[in-house]
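Enquirer:
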Amino acid sequence: MAARKKKRELSEKAQKRIRQRNLHVGITVIAAIVIIFSVIQFTLWRYVSKVDEEHICKNVFIGKTDVSGMTKEEAVKAVNNTLGDYRNKQLVLKVKDQGADVSIEEMGAEVENIDKLAEKAVGYGKNGSIWSRYQKIHNLNKKKYVIDESFKVDEAKLRELIQERAVPLEQKAVNASASYNGSGFDLTDEAEGYTVDVDKSLKKIKNFMNKKWNYEDAEVELKLDTEEPTIKMADLESLQDELGSYTTNAGWGDRVQNIRRATELINGTVVMPGEEFSVEQATLPYTEENGYVAGSAYENGQIVESIGGGLCQVSTTLYNAVLYAELEVTRRAPHSMSVSYVEPSRDAMIAEGISDFKFVNNYDTPILIEGYIDGNNQLGFYIYGKDTRSAGHSVEFESETLETTEYTKKYVEDTESAVGSQETEGAGMDGSTARLWKVTYENGEEVSREVINNSTYQTSDVTVKVGTKSDNAEATKLVEEAIATQDQEKINAAISKASALK
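Under the UniProt record's numbering, the first residue of the sequence shown is numbered 1, with each subsequent residue one higher.
1. So which of Ala121, Ala100, Gln163 and Asp189 has the shortest CA-CA distance to histidine 55?
2. Which word fits alanine 494, buried or exposed, when buried means at least 16 other C-beta atoms lie within 10 angstroms of its C-beta?
3. For a quick check, are the C-beta atoms of lysine 477 and valine 412 less than 7 Å apart?
4. Find out if the Cβ-Cβ distance for the pair alanine 500, lysine 469 is shorter than 7 Å.
5. Give the straight-line distance between the Cα atoms of asparagine 377 and serine 345, rounded to the nearest whole angstrom.
6. Relative to the C-alpha of asparagine 139, which residue among Gly244, Val479, Ser306 and Asn59 is closest?
7. Identify, in the order they occur along the chain, each residue of the same chain with its Cβ nearer than 7 Å to the Cβ of glycine 108, setting aside the five sequence neighbours on each side.
8. Can you tell me the Cβ-Cβ gap for arginine 159 and leucine 202, rounded? I've got them flagged as a contact below 8 Å.
9. Distance check for tyrosine 194 and methionine 209, CA to CA, integer angstroms please.
10. Could you tell me the alpha carbon to alpha carbon distance between lysine 358 and proline 334, rounded to whole angstroms?
11. If you follow the beta strand (DSSP E) that glycine 467 is in, where does it begin and where does it stop?
12. So who's on the other strand from alanine 351, going by DSSP bridges?
13. Taking the alpha helix (DSSP H) that residue 516 falls in, what are its first and last residues?
14. Here's the rule I'm using: 16 or more other beta-carbon atoms within 10 Å means buried, otherwise exposed. How should aspartate 148 be labelled?
15. How about the segment 472 to 490 and the segment 360 to 376: do they share at least three Cβ pairs that are nearer than 8 Å?
16. Whose C-alpha, out of Ala391, Ile307, Asp97 and Glu352, is nearest the C-alpha of glutamate 289?
17. Given 6 Å as the limit, tell me if asparagine 362 has its C-beta closer than that to any heavy atom belonging to the ligand MN.
18. Which one or two residues does DSSP pair with glutamine 378 in a beta bridge?
19. Hey, quick one: how far does the alpha helix (DSSP H) through arginine 435 stretch, first residue to last?
20. In chain order, what residues of the same chain lie with their CB nearer than 7 Å to the CB of serine 355, ignoring the 5 residues before and after it?
21. Would you please verify whether the beta carbon of threonine 388 is less than 7 Å from any beta carbon of chain D?
22. Please work out which residues of its chain come closer than 8 Å, Cβ to Cβ, to glycine 63, disregarding the five sequence neighbours upstream and downstream, and give them in chain order.
23. For asparagine 258, count neighbouring Cβ atoms within 10 angstroms of its own Cβ and tell me buried if that reaches 16, exposed if not.
24. In the DSSP assignment, what are the bridge partners of histidine 393?
25. With DSSP run on the structure shown, which of helix, strand or coil describes asparagine 139?
26. Cβ atoms of leucine 318 and phenylalanine 397: under 7 Å apart, would you say?
27. Would you call the segment 91 to 98 and the segment 217 to 234 in contact, with 3 or more CB pairs under 8 Å?
28. Taking a contact to mean a Cβ-Cβ separation below 7 Å, would you say serine 238 touches tyrosine 298 in this structure?
29. What does alanine 191 pair with, by DSSP beta-bridge criteria?
30. Give the C-beta separation of serine 315 and methionine 429 to the nearest angstrom, bearing in mind that I take them to be a contact with Cβ-Cβ under 8 Å.
31. Check the DSSP bridge columns for lysine 152 and list the partner residues they point to.
32. In the structure shown, what three-state DSSP assignment does isoleucine 40 receive?
33. With DSSP collapsed to three states, give me the class of tyrosine 286.
34. Using the beta-carbon count (16 or more within 10 Å), is asparagine 127 buried or exposed?
35. Nearest by alpha-carbon distance to arginine 389: which of Leu243, Asp189 and Lys172 is it?
36. Which residues does DSSP pair with tyrosine 457 in a beta bridge?
The structure is reproduced here in structure tokens:
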């Protein structure tokens, strides 16, 4: 019993000694760890503290630019200089298989948020724990740190460049067309086109520059919209009948060139149901570049030379064809003075910005306008479509002159011109009022008669300037006295006598 008690006491003492020894060992280990950690921390602190807070660590890049050792301001300048070195790089704006070159400089490209990128570069390896700072700085010895950059563009400049260089590469839709071959109609199929969506293309380029551009030449496919033709071959398959036609004599001289050119521009036009056709819009601009020359035209009661003079005969001839086709005339005006190639009230004047001839296709199917000038200078217009009028239906048009005013001739003195000389001003045309009747027949019988227009034509009076200047007072007096009588025979006789006195 006593022996067991003694043995137990010895065991407890041994355990106590073991615990004390373990405690000493633990304290020693902890102390060693603390010392080692402190040494490491101190070592790391000394390592990272050598880094200049105002300058960027080595091997740090902003995009392609090495900004090692730079301040923020120096980094901003360096990055901008790098971009400047690549300012002539080209971005090809692709429109299908065509392209328009635009330089980086032209787009006004800049590095976006350059100040923030420079701040990030300066701050790299200088924030966070000692361990994270050490790791970042130490890793720079083996691998460069690249801060990705993005680019912004001048939207106004880029939009203008797209419109100037890419939009002209659009392919306009081609409408189906038709022509009469003497026995039927030759039809040509339509074709789709495409247009540049400027807004969406601008956005796409901005996105590319922001995320993908790497200082090299590149291409961007622009956003295109499909353009559908407004006239399709299926629409033209209804063409089968002549609805109306009319012919006038184009005459001779320079005005025929204008008549021919305007006729070319109108020839082959298809007008869809409900669509309005304008002669002015179809034949503009009235310039030499568009094939027009100076020709005779009316202006302020005079016959003058004007670029495009003679076009009114085109609109007039077409007007009469439209009448016979019984299309809806929406705008028509008579000339200021009567014309020789049609009866009163059968004309239709064209004057840019002042007067136009317009009509609407009031059929349910398309109509085709064909115009020509033949070898005898006969100007003709034919209108084709699908005739829904009855077989016995026909129309005629009758011009009625209601009143005529004769033009006057007046002789006046011209004191600056030699005695007996004569200069005539004014066209010498009578004025009148007239109206046009539409007479409708069914199976040869007149069924209606209606006035479709009223027209007023001015007179174009004549002024004859007679010269009275002479060194011989008697000669001057003879002519002056004759002018006062306003008698042409007396004036001519006085001029003969004055000529003998000179």
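Glycine included, every Cβ here is placed at the ideal spot set by N, Cα and C.
As the structure is a computational prediction, the values presented were derived from the model and not from experiment.
Expert: The relevant details are as follows:
1. Along the sequence shown, read from residue 1 onward, the residue named residue 55 stands at position 55. Among Ala121, Ala100, Gln163 and Asp189, the Cα nearest to that of histidine 55 is on Ala121.
2. Against the sequence shown, residue 494 aligns to sequence position 494. Label assigned to alanine 494: buried.
3. Translated into the one-based positions of the sequence shown, residue 477 becomes position 477. Translated into the one-based positions of the sequence shown, residue 412 becomes position 412. Result no, Cβ atoms of lysine 477 and valine 412 do not sit closer than 7 Å.
4. Stepping through the sequence shown from its first residue, residue 500 is reached at position 500. Stepping through the sequence shown from its first residue, residue 469 is reached at position 469. No, the Cβ-Cβ distance between alanine 500 and lysine 469 is not below 7 Å.
5. As a working note, residue 377 is residue 377 in the sequence shown. As a working note, residue 345 is residue 345 in the sequence shown. Distance between the alpha carbons of asparagine 377 and serine 345 is about 23 Å.
6. To locate residue 139, count along the sequence shown from 1; it is residue 139. Asparagine 139 has its Cα closest to that of Asn59, out of Gly244, Val479, Ser306 and Asn59.
7. One-based indexing of the sequence shown puts residue 108 at position 108. For glycine 108, same chain residues with a beta-carbon under 7 Å away, outside a window of 5 residues either side, are Val153, Asp154 and Lys157 in chain order.
8. Your numbering for residue 159 matches position 159 in the sequence shown. Your numbering for residue 202 matches position 202 in the sequence shown. Leucine 202 and arginine 159 do touch by the CB rule: their CB atoms are close to 6 Å apart, below 8 Å.
9. Working through the sequence shown from its first residue, we reach residue 209 at position 209. Working through the sequence shown from its first residue, we reach residue 194 at position 194. The alpha-carbon atoms of methionine 209 and tyrosine 194 are separated by roughly 25 Å.
10. As a first step, residue 358 must be located in the sequence shown, where it is residue number 358. As a first step, residue 334 must be located in the sequence shown, where it is residue number 334. When only Cα atoms are considered, lysine 358 and proline 334 end up about 13 Å apart.
11. For the purposes of this step, residue 467 is identified with residue 467 of the sequence shown, where counting begins at 1. That run of the beta strand (DSSP E) goes 462 to 469.
12. Walking along the sequence shown from the start, residue 351 turns up at place 351. The partner list for alanine 351 (beta bridge, DSSP) reads Ser355.
13. Lying before the first or after the last residue shown, residue 516 is absent from the chain, which here runs from 1 to 502.
14. As a working note, residue 148 is residue 148 in the sequence shown. With fewer than 16 other Cβ atoms within 10 Å, it is exposed.
15. Judged by Cβ distances under 8 Å, the segment 472 to 490 makes no contact with the segment 360 to 376, as fewer than three pairs qualify.
16. What you label residue 289 is simply residue 289 of the sequence shown in a count that begins at 1. Looking at the Cα atoms, Ile307 is the closest of the given residues.
17. In terms of ligand content, the structure shown is empty, and the ligand MN therefore cannot be addressed.
18. Position 378 of the sequence shown, counted from the start, is the residue given in the question as residue 378. Looking at the DSSP assignment, glutamine 378 forms a beta bridge with Asn249.
19. Working through the sequence shown from its first residue, we reach residue 435 at position 435. Arginine 435 -> not in any alpha helix (DSSP H); beta strand (DSSP E) instead, spanning 431 to 442.
20. In the sequence shown, residue 355 corresponds to position 355, counting from 1. Taking serine 355 as the centre and dropping the five residues before and after it, the same chain places the C-beta of Ala333 and Met349 closer than 7 Å to its C-beta, in chain order.
21. In the displayed structure, chain D is absent; only one protein chain is listed.
22. Here residue 63 is taken as the residue at index 63 of the sequence shown, counted from 1. Result list for glycine 63: Val79, Thr82, Val111, Val146, Ile147, Asp148, Glu149 and Tyr215, in chain order.
23. As a first step, residue 258 must be located in the sequence shown, where it is residue number 258. Buried is the call here.
24. Here residue 393 is taken as the residue at index 393 of the sequence shown, counted from 1. Its beta-bridge partners are Glu442.
25. For the purposes of this step, residue 139 is identified with residue 139 of the sequence shown, where counting begins at 1. Helix at asparagine 139.
26. Indexing the sequence shown from 1 puts residue 397 at position 397. Indexing the sequence shown from 1 puts residue 318 at position 318. Result no, Cβ atoms of phenylalanine 397 and leucine 318 do not sit closer than 7 Å.
27. Cβ pair count under 8 Å is three or more, so yes.
28. In the sequence shown, residue 238 corresponds to position 238, counting from 1. In the sequence shown, residue 298 corresponds to position 298, counting from 1. Tyrosine 298 is positioned such that its CB atom lies no closer than 7 Å to that of serine 238.
29. Within the sequence shown, numbered from 1, the residue matching residue 191 stands at position 191. According to DSSP, which records beta bridges pairwise, alanine 191 is partnered with Val174.
30. Position 315 of the sequence shown, counting from 1, holds the residue named residue 315. Position 429 of the sequence shown, counting from 1, holds the residue named residue 429. The distance from the Cβ of serine 315 to that of methionine 429 is about 20 Å, inconsistent with a contact at the 8 Å cut-off.
31. As a first step, residue 152 must be located in the sequence shown, where it is residue number 152. DSSP output for lysine 152 lists Glu110 as bridge partner(s).
32. By 1-based counting over the sequence shown, the position of residue 40 is 40. A caution first: isoleucine 40 carries a pLDDT of 47, below 50, which makes its placement in the model unreliable, though a value can still be read off. Reduced to three states, the DSSP call for isoleucine 40 is helix.
33. Here residue 286 refers to the residue found at position 286 when the sequence shown is read from its first residue. Correct three-state label for tyrosine 286: coil.
34. Here residue 127 corresponds to residue number 127 of the sequence shown, with the count starting at 1. Exposed, since its Cβ has fewer than 16 Cβ neighbours within 10 Å.
35. By one-based count along the sequence shown, residue 389 stands at place 389. It is Leu243.
36. Working through the sequence shown from its first residue, we reach residue 457 at position 457. The partner list for tyrosine 457 (beta bridge, DSSP) reads Ser432.
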